[in-house]
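The opening residue of the sequence shown carries number 1266 in the numbering used here; numbering runs sequentially from there.
A virtual CB, placed ideally from N, CA and C, is assigned to each residue, including glycine.
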Amino acid sequence: MPEGTTFKYQQLGIAATEYSAATKAIERLIEKGVIKRITTGVFYKPKKSVFGELRPRETEIIKPYLYEQGKRIAYITGTALYNNMGLTTQVPKIVKIASRSKRIYIDSGSIKAKPVKSYVDVTEENYPLLEILDVLKDFTKIPDMDKKSGIRFLQDKLNSLSEKETNTLVKYALKYPPRVRAFLGAILNEISGQENSNLKQSLNPLTTYSLNLNENILTTAPNWNIK
């Protein structure tokens, strides 16, 4: 196991009936300093440096909580995600973890996390798409973000998707609030020059969406009742 990585019993590749023996083995390894405990049931192999042992990065400490039985069920969202994407320099004191199947709390030293509800079930394949939808959802709330840069970021992300991924993104967007669907529709409209009929038909034509965007920032905003 690489240094600096975190793990739970589930990552050890052993049967549940062997957990009792594994617990004793892990306790011996902790006594020898080979591994360290972060919290109950979560451990890591410390990385050595000239300055001594290094604690795992925040994302590595959180990583085991995002999986259950080896399958991803959650992902990091909110300001921590947007900071990692380069959309904000702000670093949150409390990380948000989105999951549909589980409410995940973490309180381990300086690492604190609280749950938010995901709009769809989270998998290893779809969470990057859900991250894009979260940027759209929280666009006006991302601290210190330049809106033009934010739009360019979203355009680049959407341009990099395959046709299949774009169709899946639209399918997920239909489960998000109307302003997210309108915002996604406007950006896809600007990229392709065409309106996505599934997104358009899901919206009330009399509703306007206040995102503080003008045509200089997003030329297709008026087509989707975005102001």
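R1322 counts as exposed, since fewer than 16 other C-beta atoms from the protein chains shown sit within 10 angstroms of its C-beta. In the DSSP assignment, K1406 falls outside any alpha helix (DSSP H) and carries neither an H nor an E.
Per DSSP, reduced to three states, the secondary structure at L1439 is coil, with no helix or strand assignment. In chain order, I1482 place their CB closer than 6 angstroms to the CB of K1412, counting only its own chain and leaving out the 5 sequence neighbours on each side. Taking all protein chains in view, the Cβ of T1305 is surrounded by fewer than 16 other Cβ atoms within 10 Å, so the residue is classified as exposed. Cβ-Cβ distances below 8 angstroms link P1487 to E1480 in the same chain, with the five nearest sequence neighbours on each side left out; the list follows chain order.
Counting the other Cβ atoms within 10 Å of the Cβ of M1410 gives 16 or more, which makes it buried.
Here G1415 carries a helix assignment [DSSP, helix/strand/coil]. Between the C-alpha atoms of L1419 and S1425 there is a straight-line separation of about 10 angstroms. In the same chain as K1361, and ignoring 5 residues on each side of it, the C-beta atoms closer than 6 angstroms to its own belong to T1342, G1343, V1381, in chain order.
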